[in-house]
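For reference, the structure discussed in these notes is given below.
Numbering (the UniProt record's numbering), first residue to last: 1 to 274.
Dropping the structure here:
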């Protein structure tokens with residue numbers, strides 16, 4: 001942040017901003033951000049005290065390995081559907097009891113009645129939907145009438161991992177080729193040059209990341225878009241022959257995962273109906 005202010009000062013041609021002033025402004029900026037976040041949270045708490053709402057829970061891990069519990073609340077305010085986010089660090093583990101305690105403690109501290117929760121959506125993890133120790137059984141013990149559902153995007157993601165031996169081999173072949181090109185600087189530069197010479201719309205491939213739901217579909221789509229250039233570029237004749245043999249499967253998977261990505265995107269965002 002401080003370096004950004006220094007560059008801004010040099011760009012504007014002024015030297016009036018010394019290090020102390022920049023540090024003060026940086027701290028004040030952080031304070032303003034905290035004040036704005038606190039004000040938004042207070043407004044949301046006031047709304048949740050007097051309205052029934054649905055709750056959607058998910059967990060994520062930060063870069064420092066801290067676990068963050070994200071809770072999306074959806075409710076009607078002035079005939080408008082509102083969706084807002086609450087986030088809270090989980091102190092210990094991510095068991096169902098711990099997650100429930102975090103939610104219950106937050107609601108009690110802020111005077112939000114648990115009975116205002118009319119529906120709850122989670123993924124299909126055992127810590128959420130386990131019959132005895134999942135979050136949902138703990139919630140239903142307090143709010144018996146709550147309607148619970150599982151996120152179908154998570155289920156679809158799990159099902160899509162089981163492709164069968166033949167299709168899984170084709171995906172593995174794509175990942176091997178992408179890694180071969182992307183992991184070597186020289187190969188990557190030569191591939192970009194060949195893409196430019198062939199007039200391709202793209203000049204680079206996309207890496208596949210297992211934890212990103214849209215990654216596999218995006219990787220396959222880009223691979224198919226650069227198919228001719230990839231086949232021509234591969235120096236290993238065996239790789240080229242394997243790609244040609246698996247062409248039908250690779251193009252089929254690209255189409256399937258494109259549809260799955262469209263489904264995932266349609267299920268997310270404030271205008272979605274899930």
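Glycine included, C-beta positions come from ideal geometry on N, C-alpha and C. Computed from a prediction, not measured in an experiment: that's the story for all the values here.
- If you draw a 10 Å sphere on the C-beta of residue 246, you find 16 or more other C-beta atoms in it, and that means buried.
- Rounded to the nearest angstrom, the Cβ distance from residue 133 to residue 97 is 6 angstroms, consistent with a contact under 8 angstroms.
- Counting the other CB atoms within 10 Å of its CB gives residue 195 a total of 16 or more, which places it among the buried residues.
- Residue 70: member of the beta strand (DSSP E) spanning 67-77, first to last residue.
- A check of alpha carbon separations from residue 185 across 259, 104, 198, 204 identifies 204 as the nearest.
- For residue 146 against residue 243, the beta-carbon gap comes to about 51 angstroms, at or over 8 angstroms, which does not count as contact.
- In the three-state scheme derived from DSSP, where H, G and I count as helix and E and B as strand, residue 89 is classed as strand.
- DSSP places residue 117 inside the beta strand (DSSP E), whose first and last residues are 117-122.
- Beta-bridge pairing by DSSP links residue 58 to 70.
- Residue 49 is a Cβ neighbour of residue 112, given a cutoff of 8 angstroms.
- Collapsing the DSSP output to three states places residue 36 in a helix.
- Here DSSP, grouped into helix, strand and coil, assigns residue 184 to coil.
- As a beta-bridge residue in DSSP terms, residue 150 pairs with 122.
- Bridge pairing for residue 84: 73 [DSSP].
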